[in-house]
Structures are given as structure tokens and as C-alpha cells.
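Have a look at the structure below before the remarks.
As C-alpha cells, this is what we get:
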């Protein structure tokens, strides 16, 4: 799928900048904070891919990943710190995304700082995941 990541004051990810309000996962973008407590580069290679995590002032974490070509990316969640987090996100769907750039797979569950997540990413694809501390408002 095609994702755009804008490294402005707000990191935005969208299958198509013109349709940022009506795609699967738009709810994640609508609630992005305007300011961040912390930004953590996770991994990447210039011109190939990157993954970055940002912590909001309410304790939520946002993980954005973008790739140029198909790849499998494993992310260590140590940046989360102590506690349990509710996971909500979208990622390329290997079965559907190659034919439909707007087709994504929804992610949900719980994890902690000792967890890892594996992302199967399509050409020019990516993922956007939120981690909300369990017990926090909106979790």
C-alpha cells in the first residue's frame, strides 16, 4: 500500500493524502497529538525504510513505519517502558494490499515493553500503531 509520512510537528500517515479522513485507520490520525513528550528512532536505512515512535504527553505511544520495498520488519517494544498497553493500529495486508493500496489489516491486542511486533510491509507501504497504557482513558 502507499503511505505518506510527513515529519512535521505532527507525524501523519495516510494511504493517500487526499483521502486521509475516509480510509481504514483514519480514527488513528484524527486523534494524533499536536505535541510530543519524546521521539525515539527505532530503526531504518536512508532511502529504504524507517520506523519512529513518539510518546504523547498522556502516556500514549505512536509507532509509524514506512518502507520503499517489500520487507519484514521486527520491532522491539522496549521503548514503551513498564506496564501493559492496548494496541490499536493498521498495517499493510499481504493478501490484499498488492492489488489495492487502500487495503490494510487492523491490529489490536495488548503488549508490554518486553514484547516485539513483526510487520509484513508491501511496496511503498507501512504501519501506524498506537499503544495506550491499560487503565488510561480511551484504552
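Residue numbers (the working numbering): 1 to 139. Each residue gets a CB set at the ideal place from its N, CA and C atoms; glycine is no exception.
Distance from the CA of residue 78 to the CA of residue 58, rounded to the nearest whole angstrom, comes to 18 Å. Comparing alpha carbon positions, the residue from 96, 97, 106, 100 closest to residue 90 is 106. Considering only 33, 93, 47, the residue with the shortest C-alpha distance to residue 118 is 93. Judged by DSSP in its simplified three-state form, residue 79 adopts helix. Residue range 49–55 is occupied by the beta strand (DSSP E) that includes residue 51. Assigned with DSSP and collapsed to three states, residue 43 falls in strand.
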